[in-house]
Structures are given as structure tokens and as C-alpha cells.
Amino acid sequence: MEYNINGKTYSFIKNYQEDSCLRQSLDLLTQKTFGGLSLEKWYEKGFWNDKTIPYTLFDGQKAAANILVIPYEFSMEGNTKKYIQLSTVMTDKEYRKQGLLRFLMEKVLKDWKMNCDGIYLYANDSVLDFYPKFGFRKENEFQRILPLTGKKSAIRKLDMSDQDDFNRLLGLCRQPNPFSRIDMSKNYELVMFHAMMDKKDHIYYLEEYNIIVLAKQQEKTLICYDIYGYTDVSLTEILSKVADSSCERAQLLFTPKNPETGVTTVYEEEDTTLFVLGECDTIFAMDKVILPLTYRA
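Residue 219 is where the sequence shown starts when you use this note's numbering, and the numbers rise one by one after that.
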């Protein structure tokens, strides 16, 4: 459908990912905006499905502005909610300050605000004054820091270019993290996105437990993003086998089931602010959680 915005006509199209021409136009804008990040490989592997809905304004065949809408089930201790994550919010430089993102945000909120329990997104520092105009509020996320003695053992780094390793992760990431209060495993497609992109060098398999750990060690800290599979072994035991002997602590970027696990501190990430709309603000303020980074689009 065509709309006149600030004196120029655009086509507003959503949920068009099966149209290769439009999808590739969006991918070009994504690469320009986010430093080469591409959605095309993710699509080709079959992970970009109707769980990820693009809302895009096109100037002819050129993607001018976009918001990705990602509805998903969020479960915490048996209580299930429907949340919406907004991602890949962007405008081509040629079309900025023309009201395109305002148009798209109004479309998104009209479609989803009354059809979910909450909406959230992660914004960079250049747009912190934009989202409050639509009712979004800033919230903190909370990490856990716990002491850890590393004793690296028989772990294997998975190679995402190897089909067997790829399939192993695909199978296990559909299972919830056995140590986490939060289950978002029905959106495993986002895990696979990170596995093909920024986390591909940080995926480890512990064969004796049939567990996969997404983690990296920075000096004396093991940063653990997520864990997949079922086990009766303790969290500390799992983490210790991934860390080497120089490790002194673990930083958990998921929310452990046991509230006494580690010291709780505010998680801070450069050029990134969480905004929420609706009731999902209570899980951050009251429950002091962090949404696993592996489900961040």
C-alpha cells in the first residue's frame, strides 16, 4: 500500500521475506546500517520464517526504513507471556528525519500493542529520545557474577561450517537452558542466527553430559551466554570444564533458577539501552532478570 509521508510516496510492505527482490533490498540496508550484518544466510538456512516480520517502507524497490517484529513465548517458572521484540530499527541515511520510523512504529503498535503482554527493544545512544515518545521506558537488566575455578577438560569447540556440528547445536538449542529461570527456546531460530554470526567461535560441546555451552573467556572471567541440553550436574561443574586454570569468576548473561547464585549487579553494555512497553517492565524491576543475549535480534 502506498503512503505519502512528508511529501514523498512510499510503499509500505510487511511480512514479505519470501520475495527475494524485497528481502535482498532490506539486506542491503541492514549491511549498510549494521556494519556488514546480513540476514540472507539466516534466511537461506530456513530460520527466517513467519516468527520474524519485517515492516518496511520502500522507495520503489529500495528499502528506506524498517522495523523487524519478533513475537515469541516467554516462560518464567511456568508463567507464559507473549512478548514482542523489535529489532533492526533503521533508516537509510538518504531518508532520515523524514518521519519514516515514526510511521512504522505507529503501524507496529497499532498491530501489536493490544495483542501481547509487552514490547521491548535495544536502542543505541543516538536515539534515546525517540522511543519515550511512544510510551517506552528505560529498564535495567541484571547479571550474576560468581566465583569459579577453571579446570578445562574434554570439551570440543563446534564448527558451524560442519553439518554434524551445526545439527548438534540445532537439536540441543531447542531444549531450554537447564539452569535458567527463563525459557525462550521456542525461538531457537535466533540462537541459530547468533551461531552463524557473532557467537560462532564460542560454542562448546561437553560430550560426557551432552551439553552445549556458549561462552568465552576474557582474562580471568568466563562470560557464559547460554547453555543447552538436560543435565543433573551443577552449573559450577559445567562452567569449570569450559574455563581454564586462570579463571576466577563467571559472568552469567542468563538468569539462574537459584536466586542465591552469585552476586547480582546491573548489566551494562556500551551503546545499548533496553526500552520496554507494557507489563514486561515488572520482570526487570522486580525479578532482576536478563534476557539471554542469544535471543536478542
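Ideal placement from N, C-alpha and C gives every residue a C-beta, glycine not left out.
Exercise. Cβ of Glu-285 within 9 Å of Cβ of Thr-274?
Worked result: The sequence shown places Ile at residue 285, not Glu. If you check the CB distance, Ile-285 and Thr-274 come in under 9 Å.
Exercise. Applying the criterion that 16 or more other CB atoms from any shown protein chain within 10 Å of the CB defines a buried residue, is Leu-346 buried or exposed?
Worked result: When all chains shown are included, Leu-346 counts as exposed.
For this session: Indicate the three-state DSSP secondary structure (helix, strand or coil) for Gly-254 in the structure shown.
Result: coil
Exercise. Hey, would you say Phe-472 sits closer than 9 Å to Phe-384, going by beta carbons?
Worked result: no
Exercise. From Gln-242, Tyr-443, Asp-377, Asp-335, pick the residue whose C-alpha is nearest to that of Ala-281; which is it?
Worked result: Gln-242
For this session: Compute the beta-carbon to beta-carbon distance between Met-308 and Ala-283, rounded to the nearest angstrom, for a pair I have assumed lies under 8 Å.
Result: 7 Å
Exercise. Taking the alpha carbon of Lys-331 as the point to measure from, which residue in Phe-354, Ser-305, Gly-264, Arg-314 has its own alpha carbon closest?
Worked result: Relative to Lys-331, the option among Phe-354, Ser-305, Gly-264, Arg-314 whose CA is nearest is Phe-354.
Problem set entry | Short Cβ contact (9 Å threshold) for His-412 with Leu-511 | yes
For this session: Could you tell me which residues DSSP puts in a beta bridge with Leu-424?
Result: Ile-373, Ile-429
Exercise. Looking only at DSSP bridge pairs, what is Thr-483 linked to?
Worked result: Gln-361
Exercise. Hey, which unbroken runs of the beta strand (DSSP E) at 3 residues or more fall wholly within the stretch 264-310?
Worked result: 271-277, 280-294, 297-309
Exercise. Would you call Phe-252 buried or exposed, if buried means 16 or more other Cβ atoms sit within 10 Å of its Cβ?
Worked result: exposed
Problem set entry | Spatial distance of Val-460 from Phe-230 (CA atoms) | 48 Å
Problem set entry | Three-state secondary structure (DSSP) of Ala-461 | coil
Exercise. Do Asp-310 and Lys-370 have their C-beta atoms within less than 9 Å of each other?
Worked result: no
Exercise. Ala-341 by DSSP, collapsed to three states: which one?
Worked result: strand
For this session: Could you please give the first and the last residue of the uninterrupted beta strand (DSSP E) stretch that includes Tyr-443?
Result: 439-446
Exercise. Between which two residues does the beta strand (DSSP E) carrying Phe-230 extend?
Worked result: 226-232
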